[in-house]
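Working notes, beginning with the structure itself.
Residue numbers (this note's numbering), protein chains in the order written: chain A, 1 to 228; chain B, 229 to 456.
Below, the structure is given as structure tokens:
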């Protein structure tokens, strides 16, 4: 399951996209932070260590929250919630953060609106999500030719909606959306787009971990910064 | 060559993405329009027929411009220019439009800045360009399996820069950029993103032209609306 993933064991340091996502964050010190899909709480703890004024993490998994609480600094608050139905108080946060959770949400327009009203004016939403090129295919996987050259065959890009995979556990459902759909949902919710990045490992990352080189072939994660 | 393409013969009606792009346009009547990469002038004539206050079309191809002038209404102005080096007067236009020309431009950041300063406050840039998923692959083309199922194998997504193809004529050079690079270049030039769409044919379009169904498998064009 999740708990054996490198990013679950090593935390932020085990997530190759973290340096890129961190670079997109506003100042965290003194700010009110909400983490949507906080998992084991790695980001919450990081934000607290940076001097955040308050940190609140939501996750749908009771098990993950229990581990988050167990390894946590006192002052971080964790609550169980389904992002599909999340309600947040108005203008209560300066930064909403979400790492690789939004692709489990079907009605992302509703969630973006809930986040938008929950941010103070000028507040930021910074998130990562699976890139639609990764998620679209009816049979996601590398194709490797006789010379060992990898390609990532895509199809069904415009067939939005659920994708069921057996990644980590059986029958996991993610929701495929085009990049246009995601960005237009943000704009419709009132956000201004600040930065859109498709995660690409740096040469230094590839030197340290050569298997990351395949991530140059096709985009794996979509990283977005938007402001209210 | 270009002149035998359906879109060259039939004009806007022969371009399946035109209805989607048209839907992204602001009011054209009474506005000052500049078309970057106007080709045979189909959009310029359409804008003039809609009652634009002025229409100016740029293209690098003298031959195309000659045909544009020959089939043109009097009042449309055509000029030869390389978009790579285009300079425009300040705050002189209400709408900058570009159809499938920006993928020939290497330094798109420079061009976006030139366009930004050329728009009146509130002015719009609306453009289409080849989608990076279409352009990225080292060997672009469909892969068709034994059952006839099509996939579009991608690789080299993060290897930005020139792509040389023999489409229409030998050695045509286009410039591959990720979606993030294109959108961040717009934001860096001062634009606010209004709408990002990946062209997908409608059911009606597919019913009328069944070969368009393959465009559901992978994105072909990127359509963007941004404002100053």
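Glycine included, every Cβ here is placed at the ideal spot set by N, Cα and C.
Contact between the stretch 36–47 of chain A and the stretch 57–75 of chain A is defined here as three or more beta-carbon pairs at a separation below 8 Å; is this criterion met? yes
Residue 21 of chain A at chain B interface by Cβ criterion, 8 Å: no
Check whether the Cβ atoms of residue 80 of chain A and residue 107 of chain A sit closer than 8 Å, and answer yes or no. no
Are residue 176 of chain A and residue 161 of chain A close, meaning C-beta to C-beta below 8 Å? yes
Contacts of residue 215 of chain B in chain A (Cβ-Cβ under 8 Å): Lying outside 229 to 456, the shown extent of chain B, residue 215 of chain B is not represented and no answer is given.
Would you say the stretch 141–159 of chain A touches the stretch 121–131 of chain A, given that touching needs at least three Cβ pairs under 8 Å? no
Given this structure, state the Cα-to-Cα distance separating residue 364 of chain B from residue 320 of chain B, to the nearest angstrom. 35 Å
Quick one: grab the DSSP three-state call for residue 49 of chain A. helix
Locate the beta strand (DSSP E) running through residue 194 of chain A, then write down its first and last residues. 192–198
Check the Cβ-Cβ distances between residue 426 of chain B and every residue of chain A, and say whether any is below 8 Å. yes
What in chain B is Cβ-close to residue 195 of chain A, meaning under 9 Å? 408, 411, 412 and 415
Suppose contacts are defined by Cβ-Cβ distances below 8 Å. Is residue 154 of chain A in contact with residue 391 of chain B by that definition? no
Just tell me which of B/358, B/315 and B/376 has its CA closest to the CA of residue 401 of chain B. B/358
Tell me whether the beta-carbon of residue 228 of chain A lies closer than 8 Å to the beta-carbon of residue 119 of chain A. yes
Using DSSP bridges, identify the partner residues of residue 151 of chain A. A/143
Which same chain residues end up closer than 6 Å to residue 421 of chain B when comparing Cβ atoms and leaving out the 5 residues on each side of it in sequence? 454
Given residue 283 of chain B, which residues of its chain have a CB within under 6 Å of its CB, disregarding the five upstream and five downstream residues? 261, 272, 275, 276 and 304
Can you list the residues of chain B that residue 216 of chain A reaches, using a CB-CB cut of under 9 Å? 383, 384, 385, 386 and 387
Of the listed residues B/442, B/452 and B/435, nearest to residue 376 of chain B (C-alpha basis): B/442
Can you name the start and end residues of the alpha helix (DSSP H) that residue 66 of chain A belongs to? 62–70
Name the DSSP bridge partner or partners of residue 261 of chain B? B/283 and B/323
Which whole-angstrom value describes the C-beta separation of residue 224 of chain A and residue 127 of chain A, a residue pair presumed to lie in contact below a C-beta threshold of 8 Å? 6 Å
Going by Cα to Cα distance, which pick from A/90, A/109 and A/179 is closest to residue 134 of chain A? A/179
Does the Cβ of residue 166 of chain A have 16 or more other Cβ atoms within 10 Å, making it buried, or fewer, making it exposed? exposed
Taking Cβ-Cβ distances shorter than 7 Å, what residues in chain B pair up with residue 192 of chain A? 420
Strictly below 7 Å CB to CB, what residues from chain B border residue 143 of chain A? 381
I'd like the span of the alpha helix (DSSP H) that includes residue 110 of chain A, first residue to last. 108–118
Collapsed DSSP secondary structure at residue 416 of chain B in the structure displayed: helix
Can you confirm whether residue 378 of chain B, when its beta carbon is compared against all beta carbons of chain A, has any partner nearer than 8 Å? yes
Going by Cα to Cα distance, which pick from B/263, B/233, B/300 and B/257 is closest to residue 281 of chain B? B/257
Beta-carbon contacts of residue 300 of chain B that lie in its chain and below 6 Å, excluding the five residues immediately before and after: 269
Of the residues B/384, B/378 and B/323, the one placed nearest residue 254 of chain B, counting alpha carbons only: B/323
Three-way DSSP call (helix, strand, coil) for residue 333 of chain B in this model: coil
From residue 117 of chain A to residue 90 of chain A, what does the alpha carbon distance come to, in whole angstroms? 5 Å
Between residue 210 of chain A and chain B, is there a C-beta pair that is closer than 8 Å? no
Determine the extent of the alpha helix (DSSP H) in which residue 440 of chain B is found, giving its start and end residues. That residue, residue 440 of chain B, is in no alpha helix (DSSP H); it is neither H nor E in DSSP.
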